[in-house]
Amino acid sequence: MTATLRSTKHLQFVSPNFEDVHFYFKNVEAQNWRLKHYLHYRLKQDKSILSWMKVYDDWKKSLNVIIKNGTKKIPGSVRTFCADLLDIDETFEGSVVLQSCKDIYEDFYDQNLEIQISDRVQELEKSLFSSQKISNHFRKITRGKKRSHNDNDKEVWQKRSRQNHIVNGQDSEDSERIESSDDESDLENKNVIEDIEEQIEYPDEKSPMDVWKLPSGITVAEAIHGPTILHKSHPSNLGIIRVGANVRQPEWIQKNDWRYLQASIEYPECPLSTDVIDLFDTLLGTDSLTEYTEVLYDKKFNFRENKQLVFVIDVLLWFSKTVFNPTSAFHNPVHRSQFWVPSWFILSYSILPMQVIMVSFIYRRGEAYLQASANQRLIRRDLKPEDDKPLGLKVDGIFQSSDIEFGMVELSGGHLTCDLPRYLKDHVRGFWGQRDLLNDAAAKFACGDFKIMRQLRTWFLHVHGQDVQVWGMDLPVKNVYRMFLLGAFRLPISWENHHELLSAIPILWNLGRGLDNTIKILEELKKSNRRHSISRSQVLKLKSYIGDTKTCSPKRPKGKKARSINPLKYNEPSSPGY
Numbered sequence: 001m002t003a004t005l006r007s008t009k010h011l012q013f014v015s016p017n018f019e020d021v022h023f024y025f026k027n028v029e030a031q032n033w034r035l036k037h038y039l040h041y042r043l044k045q046d047k048s049i050l051s052w053m054k055v056y057d058d059w060k061k062s063l064n065v066i067i068k069n070g071t072k073k074i075p076g077s078v079r080t081f082c083a084d085l086l087d088i089d090e091t092f093e094g095s096v097v098l099q100s101c102k103d104i105y106e107d108f109y110d111q112n113l114e115i116q117i118s119d120r121v122q123e124l125e126k127s128l129f130s131s132q133k134i135s136n137h138f139r140k141i142t143r144g145k146k147r148s149h150n151d152n153d154k155e156v157w158q159k160r161s162r163q164n165h166i167v168n169g170q171d172s173e174d175s176e177r178i179e180s181s182d183d184e185s186d187l188e189n190k191n192v193i194e195d196i197e198e199q200i201e202y203p204d205e206k207s208p209m210d211v212w213k214l215p216s217g218i219t220v221a222e223a224i225h226g227p228t229i230l231h232k233s234h235p236s237n238l239g240i241i242r243v244g245a246n247v248r249q250p251e252w253i254q255k256n257d258w259r260y261l262q263a264s265i266e267y268p269e270c271p272l273s274t275d276v277i278d279l280f281d282t283l284l285g286t287d288s289l290t291e292y293t294e295v296l297y298d299k300k301f302n303f304r305e306n307k308q309l310v311f312v313i314d315v316l317l318w319f320s321k322t323v324f325n326p327t328s329a330f331h332n333p334v335h336r337s338q339f340w341v342p343s344w345f346i347l348s349y350s351i352l353p354m355q356v357i358m359v360s361f362i363y364r365r366g367e368a369y370l371q372a373s374a375n376q377r378l379i380r381r382d383l384k385p386e387d388d389k390p391l392g393l394k395v396d397g398i399f400q401s402s403d404i405e406f407g408m409v410e411l412s413g414g415h416l417t418c419d420l421p422r423y424l425k426d427h428v429r430g431f432w433g434q435r436d437l438l439n440d441a442a443a444k445f446a447c448g449d450f451k452i453m454r455q456l457r458t459w460f461l462h463v464h465g466q467d468v469q470v471w472g473m474d475l476p477v478k479n480v481y482r483m484f485l486l487g488a489f490r491l492p493i494s495w496e497n498h499h500e501l502l503s504a505i506p507i508l509w510n511l512g513r514g515l516d517n518t519i520k521i522l523e524e525l526k527k528s529n530r531r532h533s534i535s536r537s538q539v540l541k542l543k544s545y546i547g548d549t550k551t552c553s554p555k556r557p558k559g560k561k562a563r564s565i566n567p568l569k570y571n572e573p574s575s576p577g578y
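For the sequence shown, full-length UniProt numbering puts the final residue at 578, and the numbers step up evenly by one.
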């Protein structure tokens, strides 16, 4: 590590009693303020081993406080030394040291976590099965008494075979003891697993409304909030946790907790019918766009009763005519059209024939202001009656049922662009807008039942170049917003890549089911609000479950820290990530 204390007379210097400075810096000499010494101290002295991000954040926070508040009390060489320590990741040597410290600390952390889990299982065994063991013990004693009583009754006519009887009795008793112990251990293991599964439950209608605990024992609301070094627009600062396939795991959340959160979401899923699968097999064997189109027309007029197949054919036919056509604007580099996806989306979902009960919704295309966002801004800013009302987020599309908005669309450039800063900015707008949609629904139906509200989901369709992400968000418990990735896919421009479109069909179909379910939940929430508002059984109770409405709007993500907002892991052309 390149950081050195340039003055030897300040080697024994210790920090004054500043607030927000860790105890270590107030009792240990400045020459030992390096990260490796600090980690060794924390591992040795802390009663419970915290996560790497928490400890590393405390170290950096303490050094920053010493630099900012120590202009008079702290020598310049010490402040320079602290600044050099904070720049540990700026040099190659420092980054290697940082990575090695992180790996060593996380190994200790994982080992400690395994020990805690094993100790917890042992405690469960002792507490849950002590009564079971006692009953088994009494059962054995009773069997022994019955056996001895029977032996006494038969003693008269079994004197000659007493010795053989004792031997056989001992053998049978040993075999019974072995079988009983095996059954007991199997029962105990089964009950341990069942008890752990009972404690780790996903939120449903009967779950607590204000607390959701993770396997580690902490609540989800506590686990969401990350270290202070994160960008201000990071979703964790808004009480939002993002989950789904290929979504990054936050470094401050434990692995077991992350697996649990990933498994907690219930996705709207409907398998493809055999007719659709057969159609896909036929299309993958076509040799030209003309043959591809002929197959679709033939299937369209022969299979009118299969609603899912009709939906798939309509989408594929539109692509074959509009997108795959070599004369279309998509194959001209000069025309960077930005509005082809919404038009395709309207066409697809205006013919979506999956509603069991006819429930209509409106899609407003083009740039429009999100009214739910405007309503929440009005609350946050505490405007006076004479002040101008604020406008909401300007988005590229809105899903709406009557006067309630429940989804939005953002286009981060045309199909030939790849602008990461704009993608991050629109992603921030996406989860901020989804949060406003949920809060606005809670405000409009404030007397509604939270058991219904926790089933409500808002939707966000994000297009970046040719890549599409479909996000949903719900409010499973109080102050916790769960944002999940329904699916991500790549939309092809040329017919040679038409196989990529087939992977998008199931995601779009499931999105349609999710939209319909949202409309039904909104109707149930409206009815619940009417009933409770008339009976006055609960007054504005639903507002108490949403997050802080006074939270400032997120700023445009800039700088290196903004990259942590990127939700997906990979950056490969073949993957749905960016």
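All residues carry an ideal CB built from backbone N, CA and C; glycine is no exception. Everything numeric in this text was worked out from a predicted model, so none of it was measured.
**OP:** Please name the residue, chosen from 52, 518, 27, that lies closest to residue 109 on a Cα-to-Cα basis.
**Re:** 52
Problem set entry | Neighbourhood of residue 319 by C-beta distance below 7 Å, restricted to the same chain and skipping five residues each side | 501
Do residue 276 and residue 310 have their C-beta atoms within less than 8 Å of each other? no
| query | First and last residue of the beta strand (DSSP E) that includes residue 408? | reply | 404-411
Practice problem: Determine the burial state of residue 217: buried for a count of at least 16 other Cβ atoms within 10 Å of its Cβ, exposed for fewer. | Solution: exposed
_Every unbroken alpha helix (DSSP H) within the region 3-78, with a cutoff of 4 residues, ordered by chain_ = 23-27, 35-45, 52-69
message: Restricting to Cα atoms, I'd like to know which of 456, 203, 33, 295 is closest to residue 13.
response: 33
*asked:* On the criterion of 16 or more Cβ atoms from any shown chain inside 10 Å, does residue 492 qualify as buried, or is it exposed?
replied: buried
*State buried or exposed for residue 458, treating a residue as buried only when at least 16 other CB atoms are found within 10 Å of its CB.*
buried
task = State whether the region 204-217 contacts the region 226-239, with contact taken as three or more CB pairs (one from each stretch) at a distance under 8 Å.
result = no
task: Output the distance between the C-alpha atoms of residue 378 and residue 432, rounded to the nearest integer angstrom.
output: 15 Å
Do you know how far the Cα of residue 16 is from the Cα of residue 86? 19 Å
Original post:
Can you list, in chain order, the residues of its chain whose CB lies under 7 Å from that of residue 426, leaving out five sequence neighbours each side?
Top reply: 410, 412, 462
message: Can you confirm whether the region 358-377 touches the region 438-446 when touching is taken to mean that 3 or more C-beta pairs between the two stretches lie within less than 8 Å?
response: yes
Option nearest residue 364 by Cα separation, candidates 471, 473, 526, 408: 408
- Mapping DSSP to helix, strand and coil, what is residue 465? coil
query = What three-state label does DSSP hand residue 502 in the structure shown?
reply = helix
Inset, instruction - Ignore the nearest five residues each way along the sequence and tell me which others in residue 478's own chain have a CB closer than 7 Å to its CB. - result: 209, 210, 545
| message | For residue 317, which residues in the same chain have their Cβ closer than 6 Å to its Cβ, ignoring the five residues on either side in sequence? | response | 296
**Request:** With a floor of 3 residues, list each beta strand (DSSP E) that falls wholly inside the region 223-276, ordered by position along the chain.
**Result:** 240-243
In whole angstroms, what separates the C-alpha of residue 396 from that of residue 368? 6 Å
Distance cut-off 7 Å: residue 398 Cβ against heavy atoms of the ligand SAH
What this structure holds is no ligand at all, so the ligand SAH is not there to describe.
Opening and closing residue of the beta strand (DSSP E) in which residue 483 lies:
480-490
Pull up the CB-CB distance for residue 30 and residue 43, whole angstroms please, since I reckon it's below 8 Å. Residue 30 to residue 43, Cβ: 21 Å. No contact.
Exercise. Considering only the beta carbon of each residue, do residue 234 and residue 533 sit closer than 8 Å?
Worked result: no
* **Boundaries of the beta strand (DSSP E) in which residue 368 is found, first to last residue** => 362-369
Closest to residue 59 by CA distance: which of 472, 35, 529 is it?
35
Q.
Using 8 Å as the threshold, is the C-beta distance between residue 445 and residue 526 below it?
A. yes
- Query: Near residue 236, which residues of its chain fall below 8 Å by C-beta distance, leaving aside the five closest residues on each side in sequence?
  - Reply: 224, 225, 226, 230, 250
Worksheet item: To which residues of the same chain is residue 244 closer than 7 Å at the C-beta, ignoring the five residues directly before and after it?
Response: 484, 485
**Asked** Thinking just about the alpha-carbon of each residue, which of 79, 419, 323 is nearest to the one in residue 566?
**Response** 419
(message) In the DSSP assignment, the beta strand (DSSP E) including residue 397 goes from what residue to what residue?
(response) 394-401
Open item on the list: If you follow the alpha helix (DSSP H) that residue 313 is in, where does it begin and where does it stop?
Closed with: 307-318
Q | Length of the line joining the Cα atoms of residue 422 and residue 568 | A | 16 Å
Could you tell me the alpha carbon to alpha carbon distance between residue 66 and residue 28, rounded to whole angstroms? 14 Å
Query raised in the report: Quick one, are the C-beta atoms of residue 82 and residue 98 less than 8 Å apart?
Result: no
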